[in-house]
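In this note's numbering, the protein residues as written are 185 to 365.
For each residue, glycine too, the CB sits at the ideal point set by N, CA and C.
For reference, the structure is listed below as structure tokens.
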């Protein structure tokens with residue numbers, strides 16, 4: 185128990201500092217728990233056998249692809265063209281674009297893709313980026329409610345329903361209620 189608390193405390197310090205990537209800190213923590221005998225190798229690696237974990241990995245890959253292919257820059261230019269000089273139109277377009285991306289990319293991935301876009305868009309109309317960052321977060325959350333892969337809880341719920349024999353949720357099963365919200 186003491187070893188576990190020490191390893192998790194050290195990992196928490198590294199997570200908070202942010203000097204080392206979170207994925208590396210997490211893997212090192214799992215490795216330390218396995219090497220210390222707290223976890224067996226089977227227990228330590230069992231998370232990678234989960235379909236939910238693999239879905240999350242795929243969602244991050246899609247998010248990275250959106251950023252690297254230049255799709256994010258294309259979206260940024262189109263939004264700025266449509267918004268013109270209007271801060272209100274820019275606000276609405278940012279919300280819609282973020283919710284649209286958030287429906288198919290993880291919450292973290294959506295913010296990672298959209299934050300630089302929002303900051304450059306705000307600079308493009310000489311507005312403070314901080315005025316658009318909270319709406320960005322809210323739109324990200326709303327977009328995540330639209331599809332099965334939008335947020336981790338949606339995937340976990342679907343997996344739990346499937347394991348309970350009720351059948352997994354369909355990809356767009358949450359869309360009607362998510363669209364209302």
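Check                                                                                                                                                      : Outcome
State buried or exposed for residue 294, treating a residue as buried only when at least 16 other CB atoms are found within 10 Å of its CB.                : buried
Can you tell me whether residue 176 is buried or exposed, with buried defined as 16 or more other CB within 10 angstroms of its CB?                        : Because residue 176 is not part of the residues shown, which for the chain are 185 to 365, the question remains open.
What's the call for residue 362, buried or exposed, on a 16-neighbour Cβ count within 10 Å?                                                                : buried
How long is the line joining the alpha carbons of residue 326 and residue 365, rounded to whole angstroms?                                                 : 7 Å
Pull up the CB-CB distance for residue 358 and residue 331, whole angstroms please, since I reckon it's below 8 Å.                                         : 7 Å
Within 10 Å of its beta-carbon, does residue 342 have 16 or more other beta-carbons around it, so buried, or fewer, so exposed?                            : buried
Cβ of residue 352 within 7 Å of any heavy atom in the ligand ZN?                                                                                           : No copy of the ligand ZN occurs in the structure displayed, which carries no ligand at all.
Please state whether the Cβ-Cβ distance between residue 220 and residue 187 is less than 8 Å.                                                              : yes
So is residue 231 buried or exposed if we call it buried at 16+ other beta carbons inside 10 Å?                                                            : exposed
I need the DSSP call for residue 291, collapsed to helix, strand or coil.                                                                                  : helix
Going by C-alpha to C-alpha distance, which of 205, 203, 209 sits closest to residue 193?                                                                  : 209
Out of 271, 202, 324, which has the shortest C-alpha to C-alpha gap to residue 311?                                                                        : 271
Under a Cβ-count criterion, where at least 16 other Cβ atoms within 10 Å of its own Cβ denotes burial, should residue 277 be classed as buried or exposed? : buried
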